[in-house]
Amino acid sequence: MNKSQEHISKFLSKILRHDPSIIGITLDSQGWADVTELMIGMQKQGKFVELSDLEIVVSQDSKAKNGNPGRYSFNDDKTKIRANQGHNKKLKHVKLDYTPLSSREVPNWLYHGTNSRFVEAIKKEGLVKMNRQHVHLSDEIETANEVGDRRLKQDTETHIFKISTIEAMNDGVVFYKSKNGVYLADAIPAWLLR
Ligand code: HQG
Numbered sequence: 001m002n003k004s005q006e007h008i009s010k011f012l013s014k015i016l017r018h019d020p021s022i023i024g025i026t027l028d029s030q031g032w033a034d035v036t037e038l039m040i041g042m043q044k045q046g047k048f049v050e051l052s053d054l055e056i057v058v059s060q061d062s063k064a065k066n067g068n069p070g071r072y073s074f075n076d077d078k079t080k081i082r083a084n085q086g087h088n089k090k091l092k093h094v095k096l097d098y099t100p101l102s103s104r105e106v107p108n109w110l111y112h113g114t115n116s117r118f119v120e121a122i123k124k125e126g127l128v129k130m131n132r133q134h135v136h137l138s139d140e141i142e143t144a145n146e147v148g149d150r151r152l153k154q155d156t157e158t159h160i161f162k163i164s165t166i167e168a169m170n171d172g173v174v175f176y177k178s179k180n181g182v183y184l185a186d187a188i189p190a191w192l193l194r
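So that you can map any letter, position 137 of the sequence shown is 137 in the working numbering, and since no number is skipped, the others follow by simple counting.
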């Protein structure tokens with residue numbers, strides 16, 4: 001992916017997860033944007049984007065691994081595009097139909113990487129969604145570390161919380177998995193965090 005396409009990917013995250021109105025478009029209830037409308041809207045903001053750029057941004061996304069897609073997906077005929085997860089809670093009408101996972105479909109442990117400066121609050125309140133529609137969790141410590149490292153500042157470190165999914169499901173927590181392999185939940189109560 002070249003620099004310009006990396007820039008397009010960041011812009012797409014803003015549009016498809018947070019605020020499509022910045023380019024004058026709307027998303028449907030499944031988070032889909034019309035590809036033609038999106039390209040015209042981006043063009044109006046001075047970003048000239050071709051379908052081939054979007055194809056590269058979708059297929060070469062850095063979060064695509066283990067055969068899963070990355071941050072974005074097209075529909076079958078590439079007339080629509082959406083973010084696979086990470087939507088802002090302000091996009092109230094957008095609710096991707098994630099299927100609740102059965103106990104056999106969740107790994108035994110899930111991980112959440114955060115910054116040491118949030119640890120005290122999280123130990124009190126549990127993990128909450130903040131600006132997103134879900135709390136994000138990973139089945140790999142390495143990925144949780146990368147997520148936490150985004151928030152590193154001087155004199156802080158990444159902290160990993162570990163969740164036993166059996167304990168959590170017994171407590172009524174419902175887990176979902178996005179198409180790109182991110183585990184999601186509405187909240188994780190403090191007592192379940194290790
Ligand atoms: C923290 C990126 C205080 C939470 C990543 C996190 C991920 C609390 C921040 C995806 C809290 C929310 C999501 C509480 C949670 N008190 N702080 N009670 N509960 N927090 O960005 O998990 O690259 O919404 O620990 O890779 O960091 O954009 O969530 O630090 O997959 O595709 O509040 O975003 O993906 O931050 O990241 P976020 P996240 P992309």
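Just so you know, even glycine gets a beta-carbon here, dropped at the ideal spot from N, CA and C. Fair warning: this is a prediction, and the values are worked out from it, not measured in the lab.
Determine the closest residue to residue i out of the options, with distance taken between C-alpha atoms.
| i | options | result |
| --- | --- | --- |
| residue 189 | 2, 164 and 179 | 164 |
| residue 107 | 181, 152 and 92 | 181 |
| residue 10 | 57, 29, 30 and 65 | 57 |
| residue 142 | 92, 133, 158 and 128 | 158 |
| residue 133 | 119, 89, 123 and 125 | 89 |
| residue 152 | 5, 117, 96 and 184 | 117 |
| residue 24 | 162, 45, 5 and 6 | 45 |
| residue 191 | 155, 105 and 125 | 125 |
| residue 65 | 140, 87, 136 and 171 | 140 |
| residue 85 | 2, 171 and 18 | 18 |
| residue 171 | 193, 154 and 6 | 193 |
Does the Cβ of residue i have 16 or more other Cβ atoms within 10 Å, making it buried, or fewer, making it exposed?
| i | result |
| --- | --- |
| residue 51 | exposed |
| residue 138 | buried |
| residue 39 | buried |
| residue 43 | exposed |
| residue 53 | buried |
| residue 33 | buried |
| residue 100 | exposed |
Anyone know if the C-beta pair for residue i and residue j falls short of 8 Å?
| i | j | result |
| --- | --- | --- |
| residue 80 | residue 70 | no |
| residue 111 | residue 83 | no |
| residue 8 | residue 15 | no |
| residue 160 | residue 113 | yes |
| residue 176 | residue 98 | yes |
| residue 41 | residue 94 | no |
Nearest-angstrom Cα distance between residue i and residue j?
| i | j | result |
| --- | --- | --- |
| residue 169 | residue 103 | 8 Å |
| residue 186 | residue 146 | 22 Å |
| residue 148 | residue 115 | 6 Å |
| residue 174 | residue 78 | 32 Å |
| residue 76 | residue 60 | 18 Å |
| residue 12 | residue 178 | 18 Å |
| residue 20 | residue 136 | 22 Å |
I'd like to confirm something about residue i: is its beta-carbon nearer than 7 Å to some heavy atom of the ligand GDP, or not?
| i | result |
| --- | --- |
| residue 55 | As for the ligand GDP, it is missing from this structure, which binds only the ligand HQG. |
Exercise. Would you list, in sequence order, the uninterrupted alpha helix (DSSP H) runs of no fewer than 4 residues that lie entirely inside the region 45 to 81?
Key: 51 to 59
Quiz item: For the region 111 to 188, which segments carrying the alpha helix (DSSP H) assignment without a break, of at least 4 residues, lie completely within its bounds, in sequence order?
Solution: 119 to 125, 141 to 149 and 165 to 170
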